[in-house]
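Only one structure is covered here, and it is reproduced in the block below.
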Amino acid sequence: MSDAIPRERWSRRSSFVLAALGSAVGLGNLWRFPTVAAQNGGGAFLIPYFIALLTAGIPLLIVEFGLGHMFQRSAPMACKKANKKFEWVGWWSLGCGAVICFYYCVIMSWAWNFLVSAFTVGWRPEGKAEDYPVTYFDETFLRVTETGSDPGNFIGVVLPILIGLAVTWLVVYWIISKGVTRVGKVVMITVPLPCLLLVVLFVRAITLPGAMTGMDLYLKPDFSRILDANVWLAAYGQIFFSLSIGFGALIAYASFLPRKSDITNNSLITSLGNCGTSFFAGMVVFSIIGFLALSQADAGFNNDSIVASEYTKHLSALKEKSAGELSAAEKADYEILSAIAKSEGAELKDIKDDQIRSAIAPEQTKDFVRGQAAQTLGIAPQEVSETEINRKATEIVAHQSGPGLAFKMFPIAISKMPGIWQVIVGVLFFVMLLMLGIDSAFSLVEGLVAGLHDKFGFNRHRTTVLVCVTGFLAGIPFCTYAGLLWLDIVDHWINAYGLVGVGLMEALLIGWVYKTAKFRKYVNERSEIRIGILWTICLKVITPLVLITTLILAITDEFSQPYGDYPLWSLIVGGWLVIASIIAAGFLLMRMRSGRDETIEEV
Amino acid sequence: MLGIGSAFLYGGLICCLIIAKKHGKGAGFNENEQDDSNGIDNDVEDVKS
Chain A
2 MSDAIPRERW
12 SRRSSFVLAA
22 LGSAVGLGNL
32 WRFPTVAAQN
42 GGGAFLIPYF
52 IALLTAGIPL
62 LIVEFGLGHM
72 FQRSAPMACK
82 KANKKFEWVG
92 WWSLGCGAVI
102 CFYYCVIMSW
112 AWNFLVSAFT
122 VGWRPEGKAE
132 DYPVTYFDET
142 FLRVTETGSD
152 PGNFIGVVLP
162 ILIGLAVTWL
172 VVYWIISKGV
182 TRVGKVVMIT
192 VPLPCLLLVV
202 LFVRAITLPG
212 AMTGMDLYLK
222 PDFSRILDAN
232 VWLAAYGQIF
242 FSLSIGFGAL
252 IAYASFLPRK
262 SDITNNSLIT
272 SLGNCGTSFF
282 AGMVVFSIIG
292 FLALSQADAG
302 FNNDSIVASE
312 YTKHLSALKE
322 KSAGELSAAE
332 KADYEILSAI
342 AKSEGAELKD
352 IKDDQIRSAI
362 APEQTKDFVR
372 GQAAQTLGIA
382 PQEVSETEIN
392 RKATEIVAHQ
402 SGPGLAFKMF
412 PIAISKMPGI
422 WQVIVGVLFF
432 VMLLMLGIDS
442 AFSLVEGLVA
452 GLHDKFGFNR
462 HRTTVLVCVT
472 GFLAGIPFCT
482 YAGLLWLDIV
492 DHWINAYGLV
502 GVGLMEALLI
512 GWVYKTAKFR
522 KYVNERSEIR
532 IGILWTICLK
542 VITPLVLITT
552 LILAITDEFS
562 QPYGDYPLWS
572 LIVGGWLVIA
582 SIIAAGFLLM
592 RMRSGRDETI
602 EEV
Chain B
124 MLGIGSAFLY
134 GGLICCLIIA
144 KKHGKGAGFN
154 ENEQDDSNGI
164 DNDVEDVKS
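One line per chain: the protein sequences are A and B, in this order.
Going letter by letter, the first sequence gives residues 2 to 604 in my numbering.
Going letter by letter, the second sequence gives residues 124 to 172 in my numbering.
Following this line, the structure appears as structure tokens:
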């Protein structure tokens, strides 16, 4: 007997493509890609990045779209239909997606709060130092500094973040409560609008002084890095995370496609659109970083600048070193540190970062930048030009990535703009951030709702309510004073092990366990562009090899240098335990009886 | 790299969009298709068995 409930369908191809694009294009396109590119050879990074896109990104995206399309089910049931023993992989992917969604919605809550602040430039009240947005974000807004970097020190819930979280989940609920019909309408706005805002911001950013230094750093190729294996791994990692592979969301979206619809060309449009957005966002980000670095150089690298903050960290790190361990360049800095300790009347080992930062002279900060530039160029410090100093300062600022870039660097840069531009750019930027994030967030929830609906036949509306309420409750720990610390730990483990593991299992499932030729034939029969033997080679060999290498390197790194400065118990709870719980839940759900009649009809 | 990047990403995207426009016009959409099958199976095996 077949299931009597007809499957929902996308009303138009453009609805599906935009929804998939909206899921893939998220906050990472804005704050991860540009920094990864700049740190891995600038323009030269694009070569391994494009190769990674062709050999891993697109083949895996075809697998995800193909799985959903072929079996007309979300991740767990699609994996089950490919091979009964692989259902847990589908649940694993949805588990990763769910955990990401718990904290992703908290980041969205930050964006709501910053959008409200943008109308009054609340992150830098008049008379405050130029780097006040850093203090505003850490101390005034998140209040993470009060925890003393101890993840166990929750203290309490930050109310504005909790309110923002509730708003985010209400919006997500409203969008997905009517299934893909409403999703298809919402993405008509939430996908093109941030792209349009990005263009507006690009026009403003490119006309700022210093923008070209930023663009130069972003796009000028350093071909010496192209033979570095780490650069290639970074490229594959970036492609993998950027395309939303492994969340189960794209499998669910593809399961709502009509039988005759295309697979390969939709994958190409989604992946090229996603990478095109990243590439363009990089130009905006680096133009603004260049502007910020130049304005700091113009102000003589005073103690409020980001560069001074980096110099403080550099000096602080010398406290732990003995005289014998110091390099020639470090000896001069060590003397500066000793002099500061002497003037503060403190032991060198006991001197605090705040004391160092307030005592360093702007000229010393500039010398630090000059020294760093000389080291990179392999010349004497006195030969370093002002242009090179500006470029190095831009590089130092560009090392900020992740939430710090959006919630600290951008507000600093915005607060340096003239008059009304501060409000205009601030509002546009955070509206764009919300639009970029919301479609990724609801795609993750939709994947989970569709998964539970497909397996157990639960009422869709009640499942949506249940998932949204659970998601809100699970997000509360991330709204506490220690929320940022937990967010950082969980995010690291989910990205490094959760998603990479899912991608690897999916590649093995279609490449080695399921009949690859049958899958390829199915895809080719419906697609406008045919896939050939190269796709098979990528899926069977290249993708698994790269993902296994990434996994081994990540695990080796984890044991040789534990992540961050967090206590071990927090890494076990927020990292290994979360991953283990997701996998265990996957096996548990796999063993539970399906609530739907899953008798199969041959198509 | 600006030229190479743009040509590859945006050129590729435009080509794919042209192909989609030429071939598809939304194949399978707007055909009032109500495919309520449970999807194809793994060699006609009942997954509940």
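Even glycine gets a Cβ: it sits at the ideal position worked out from N, Cα and C.
- Contact of residue 51 of chain A with chain B by beta-carbon distance below 9 Å involves 127, 128, 131, 132.
- As DSSP reads the structure, residue 222 of chain A sits in a beta bridge with A:43.
- Just so you know, the alpha carbons of residue 413 of chain A and residue 292 of chain A end up roughly 11 Å apart.
- Closer than 8 Å to the CB of residue 141 of chain B there is not a single CB belonging to chain A.
- Taking every protein chain shown into account, the CB of residue 272 of chain A has 16 or more other CB atoms within 10 angstroms, so this residue is buried.
- Taking 8 Å as the upper bound on Cβ-Cβ separation, chain B lies near residues 44, 45, 47, 51, 71, 72, 73, 74 of the segment 44 to 76 of chain A.
- Linking residue 197 of chain A to residue 337 of chain A through their CA atoms gives a straight-line distance of about 49 Å.
- Straight-line spacing of the CA atoms in residue 234 of chain A and residue 80 of chain A works out to 27 Å.
- Within the same chain, 132, 135, 358 come within 8 Å of residue 310 of chain A by CB-CB distance, once the 5 residues on both sides are set aside.
- Assignment of residue 208 of chain A by DSSP, reduced to helix, strand and coil, places it in the coil class.
- Judged by their CB atoms, residue 503 of chain A and residue 93 of chain A are nearer to each other than the 8 Å cut-off.
- In this structure, the CA atom of residue 84 of chain A is about 22 Å from the CA atom of residue 450 of chain A.
- For the segment 114 to 187 of chain A, not one full-length beta strand (DSSP E) segment reaches 3 residues or more.
- Residue-level contact by beta carbon fails for residue 553 of chain A and chain B, as no gap is shorter than 8 Å.
- Contact check between the segment 196 to 214 of chain A and the segment 399 to 409 of chain A: fewer than three CB pairs, one atom from each, fall below 8 Å, which does not count as touching.
- Taking a Cβ-Cβ cut-off of 7 Å, the neighbours of residue 277 of chain A in chain B comprise 132, 133, 136, given in sequence order.
- Around the beta carbon of residue 334 of chain A, 16 or more other beta carbons lie within 10 angstroms, which makes this residue buried.
- By the criterion of a C-beta distance shorter than 7 Å, residue 453 of chain A is surrounded in its chain by 459, 464, once the five residues flanking it on both sides are discounted.
- Taking 8 Å as the CB threshold, residue 280 of chain A lines the interface with chain B.
- Rounded to the nearest whole angstrom, the CA to CA distance from residue 251 of chain A to residue 342 of chain A is 56 Å.
- Using a Cβ distance threshold of 8 Å, residue 243 of chain A and residue 296 of chain A do not count as a contacting pair.
- Between residue 518 of chain A and residue 61 of chain A, the C-beta spacing is not below 8 Å.
- In the DSSP assignment, residue 256 of chain A falls within the alpha helix (DSSP H) that extends over 250 to 256.
- The C-beta separation of residue 107 of chain A from residue 63 of chain A comes to about 33 Å, leaving the pair out of contact by the 8 Å criterion.
- For residue 555 of chain A, the uninterrupted alpha helix (DSSP H) run begins and ends at 544 to 561, by DSSP.
- At a Cβ-Cβ threshold of 8 Å, residue 23 of chain A and residue 441 of chain A count as neighbours.
- The Cβ-Cβ distance between residue 284 of chain A and residue 411 of chain A does not fall below 8 Å.
- The beta-bridge partner set that DSSP reports for residue 481 of chain A consists of A:158.
- Among the residues facing chain B, residue 222 of chain A is included, as its CB has a counterpart in that chain under 8 Å away.
- Per DSSP, the continuous alpha helix (DSSP H) segment holding residue 393 of chain A begins and ends at 387 to 399.
- If you look at residue 461 of chain A, you'll find it in the alpha helix (DSSP H) that goes 461 to 476.
- Selection A:78, A:213, A:493 evaluated against residue 558 of chain A yields A:493 as nearest (Cα-Cα).
- Between the beta-carbon of residue 266 of chain A and that of residue 529 of chain A there is about 4 Å, and that keeps the pair under the 8 Å contact cut.
- Residue contact with chain B for residue 437 of chain A: absent (no Cβ-Cβ distance below 8 Å to any residue of chain B).
- Check the Cα spacing between residue 477 of chain A and each of A:15, A:183, A:155: the tightest is with A:155.
- Proximity of residue 266 of chain A to chain B, defined by a Cβ-Cβ separation below 8 Å, is satisfied.
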